[in-house]
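If you're matching positions, the sequence shown starts at 1 in the UniProt record's numbering and goes up one per residue.
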Amino acid sequence: APDTPVIDQAYSKLSNSITVEWRAVPGATNYMLTAQDGDSFIETIVKNSPGTVMGLKPATLYRVSVRSVNSGGKSQPSPFRKVKTVLAAPILSAHSLSCDSIAVSWKAVPMAAGFSVSLMRSDGLGTMLKQNTTNTSLIFTNLDPGALYTIKAYAWNANGMPGDDFTYNQRTSPKAPVDVKVSFNSGALRAAVSWMPTEGALTYSVTVSSGLLKLRCNTSSASCTVPSLQCGSEYYVSVTAYNDAGASEPTDAVSLKTIPCAPVNISIEEAESGHLLVSWSSVTLGHYYVVFVKSDDGLEVHCNTSYTQCHFQSDCGFTYFISVFAYNKAGQSPLGDVFNYTTAPCCPSGLRAVFTSSGTVRVTWAPVRGAELYEARAAGGSAVLLCRDTAAACTLSALQCGTAYSITVLAFSEARGSSSSCAPLDVATAPCSPEIKNISKEGLSIINVQWQPNNEEATYVVTARGEAGLWHCTSTRNSCTLMDLPCGSAFSVSAMARSPAGQSLPSYSIPLETAPCCPNDLTLTEVTQSVTNISWSVGRGAQTYVTTLESPKGQAKCHTLQTYCLLGCITCGTNYTVSLRAISETGLTSSCTYQGYSSSACCPSGVKLYRLSNNGIRVFWRASDETINYKADLHGSKGNFSCTPSSGLSHCDITKIPCGDVYTVVIAPVTDKGPKLTLFSSFCPKKIYSL
């Protein structure tokens, strides 16, 4: 084993260790240090001097010895030295009370008589501050804001021996930022806040408050954007700087007034046609308002006011898009609800009414803006007729005849209803058709027509229509007379009414037949002295004829379908009245009177012939009537001869008759127009005379 070492000195610089110095021992490879405190001890192996025993208790008296060690063993302990460990270092805690002060505190250190605390900027700038105290806390003031300080402290005992020191780094809190500026983005409703950076600040917090609402924005830069601000609010903006020491005082609040909110409770009224009144509720922070009104044709107008209503001119049939904005120094309010207001359609213009029939009128008009449906209303009489259509035309039917109607056309839209106060179009329907009550004959060609008048201020026209043509009569009353109707014709008689509004439909037709026409030509031809043939021209409309020859001596009558008739039992030398009745198929009769007819005079009787001496003959006869004159005619192959007696005589002589011939002698009455040789000479008997 090596020799026992000798301790030169032993001392304590740290509260948990004692350092020992000794002279080296030859042959020793290691040394064992022992620090004993009562029954406890701590050993440490070191290579050489000096050596330190660690893990000791502060301010404790130890007995320290050294042994040398090699492979042969350990030496005896050296004579011990008594060494007391120094005081323990105070354990500091510090915090920044403000931007220019730091408070330092620690727990009491056993056996400490006082404490020494020093403070200096960690970057070496400035001077060191040092304070001695018997307390366990102290405050350093007038420090630089936001600066990092190094704090060192130790305790000393009653002998003034310093103990362990303790180092602590503490930063002062930053100073409140300066030059705070706030800019407001009205479109995005956010605020951009900026400031001058402050020394020692690691982060910043921007507080935007309005009442109980607080918005924050944290950043490490010198600006921050606060989103989601509310319109119509006043905010107070402050900035606080932060570092690991704490927060600065907040800056003085900067007032920020946002844009006003969009006006609400917007109402649109059309107080009167052509005028719109837009009103709304006032909004917070709204200094003035602008109302924009844009029509659907692209035209836009606006109204700038500090009140809560605006007046605008409007046109019918337009849709207006209305938005209201509030303004202040911050800008324009957000877009609120866009209202659309559709004015009632215009009254249709260019009304035209055309009657397509007596009870139907087609109404047309020019289309108008905004109209989705049209209604034509005809009011007249006791009824109102309606017609609805999307087209600019309507047909109103079942109109009452002879009635004045007021036609009004309204345009409708789903949004606003109908136009109002539209000017009507006055029309009148044609008169009602009259009803023929009676047709009476007042003469052969005169017909009186009566009807039921059912119109006011109407002129009635009666028309007789037939193959013979048209005949008219006109009256404002209830009857008129058709004159000069042709005989033997069939007519259809109808009546219609006329007025300034037009003419009615014709009434139901009444058939009318005029009496047949009398034949224009009637000829009587004696067939024999007792038989007469009567012939006549056709009478229009006649089917049968009745002819009559009548005299005081008797009557001869014939009823036939033909246009001729033989009448017998005619008395010679008699004057007859000639009449003819033309009878139609339906029994209508026309009595026709013609010039009287006289039958041929009666032939003389007792005709005798006597020869005279001078190749002549004397003819004798007995006259049937003394008033009748006769003539004797002698007919032969060698000539014809005649004689006429003197008045009152019943004979006459014919002389110088050629001999050797056979003659036919006829005695025939002579009329006022001379002897009717062709008619009557054959009726009288012929005498043959040979000379």
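The beta carbon of each residue, even a glycine, is placed where N, CA and C say it ideally should be.
Note that this is a predicted model, so its numbers are computed, not measured.
Asked                                                                                                                                                                               : Found
Among Thr167, Asn135, Gly73, which residue has its Cα nearest to the Cα of Ile91?                                                                                                   : Thr167
Which residue spans inside the region 542-593 form an unbroken beta strand (DSSP E) run of at least 3?                                                                              : 544-551, 554-560, 564-567, 575-583, 589-593
Would Cys487 and Ala464 be called neighbours here (beta carbons separated by less than 9 angstroms)?                                                                                : no
Taking its Cβ as the centre, do 16 or more other Cβ atoms sit within 10 Å of Asp244, making it buried, or is it exposed?                                                            : exposed
From the DSSP output, read off the bridge partner residues of Glu269.                                                                                                               : Leu277
Are Ala153 and Ser116 touching if we call contact CB-CB under 9 angstroms?                                                                                                          : yes
Would you report the Cα separation of Val20 and Ala158, rounded to the nearest angstrom?                                                                                            : 24 angstroms
Taking a contact to mean a Cβ-Cβ separation below 9 angstroms, would you say Pro263 touches Phe325 in this structure?                                                               : yes
Count the other CB atoms, across all protein chains shown, that sit within 10 Å of the CB of Val208; report buried if there are 16 or more and exposed otherwise.                   : buried
Taking 9 angstroms as the threshold (C-beta atoms), are Ala241 and Ser173 in contact?                                                                                               : yes
Given that a residue counts as buried once 16 or more other Cβ atoms are within 10 Å of its Cβ, and exposed if not, what is Thr272?                                                 : The sequence given here places Glu at residue 272; Thr does not occur at that position. Looking at its Cβ environment, which holds fewer than 16 other Cβ atoms inside 10 Å, Glu272 is exposed.
Which residue's Cα is closest to the Cα of His535: Tyr545, Asn304, Ala497?                                                                                                          : For the sequence presented, residue 535 should be read as Ser rather than His. Minimum Cα distance to Ser535 is reached at Tyr545.
Got a sec? Which residues, its chain only, sit under 6 angstroms from Leu285 by beta carbon, not counting five neighbours each side?                                                : Gly232, Lys257, Pro260, Asn328
With respect to the beta strand (DSSP E) encompassing Ser323, which residues constitute its N-terminal and C-terminal limits?                                                       : 319-328
Helix or strand or just coil, what does DSSP make of Thr34?                                                                                                                         : strand
Could you say which of Gly73, Thr85, Gly72 lies nearest to Thr52 if we only look at CA atoms?                                                                                       : Thr85
Can you list, in chain order, the residues of its chain with a C-beta nearer than 7 angstroms to that of Asn520? Leave out the 5 residues immediately preceding and following it.   : Ser537
Who are Ile657's beta bridge partners in DSSP?                                                                                                                                      : Answer is none; Ile657 lacks a bridge partner.
Would you kindly check if the distance between the Cβ of Tyr576 and the Cβ of Ser551 is under 9 angstroms?                                                                          : yes
Are the Cβ atoms of Leu277 and Gln309 separated by less than 9 angstroms?                                                                                                           : yes
What is the DSSP secondary structure of Asn520, reduced to helix, strand or coil?                                                                                                   : coil
Could you spell out the range, first to last residue, of the beta strand (DSSP E) harbouring Asp244?                                                                                : Looking at the DSSP string, Asp244 is not in any beta strand (DSSP E), and its letter there is neither H nor E.
Determine the burial state of Glu526: buried for a count of at least 16 other Cβ atoms within 10 Å of its Cβ, exposed for fewer.                                                    : buried
Sort out for me which residues DSSP pairs Arg388 with in a bridge.                                                                                                                  : Glu375
The beta strand (DSSP E) with Leu512 in it runs from where to where?                                                                                                                : 510-513
Can you tell me whether Pro227 is buried or exposed, with buried defined as 16 or more other CB within 10 angstroms of its CB?                                                      : exposed
For Pro675, count the other beta carbons within 10 Å of its own beta carbon; 16 or more makes it buried, fewer makes it exposed. Which is it?                                       : Unreliable positioning characterises Pro675 in this predicted model, as indicated by a pLDDT of 42, which lies under 50. The coordinate reading is nonetheless provided below. It counts as buried.
Compute the distance between the beta-carbons of Thr474 and Val462, then report whether it is under 9 angstroms.                                                                    : yes
Ignore the nearest five residues each way along the sequence and tell me which others in Asn48's own chain have a CB closer than 8 angstroms to its CB.                             : Ala24, Tyr31
For the 8 angstroms Cβ check, are there 3 or more pairs between the region 631-645 and the region 572-592?                                                                          : no
Buried or exposed for Asn496, please, with buried defined as at least 16 other CB atoms from any protein chain shown within 10 angstroms of its CB.                                 : For clarity, residue 496 is Met in the given sequence; the question names Asn instead. So Met496 counts as buried.
Alpha carbon to alpha carbon, how far is Leu512 from Gln595? Give it in angstroms, no decimals.                                                                                     : 31 angstroms
Just to confirm my understanding: we take residue 696, look at its own chain, exclude 5 residues before and 5 after, and list those with CB closer than 7 angstroms. What are they? : Nothing in the structure corresponds to residue 696, since the chain is present only between 1 and 691.
Does the contact criterion of 3 or more C-beta pairs under 8 angstroms hold for the region 307-321 versus the region 280-297?                                                       : yes
Exposed or buried, which one is Cys659 when buried takes at least 16 other CB atoms within 10 Å?                                                                                    : exposed
Which of the three DSSP states is assigned to Ser255 in this structure?                                                                                                             : strand
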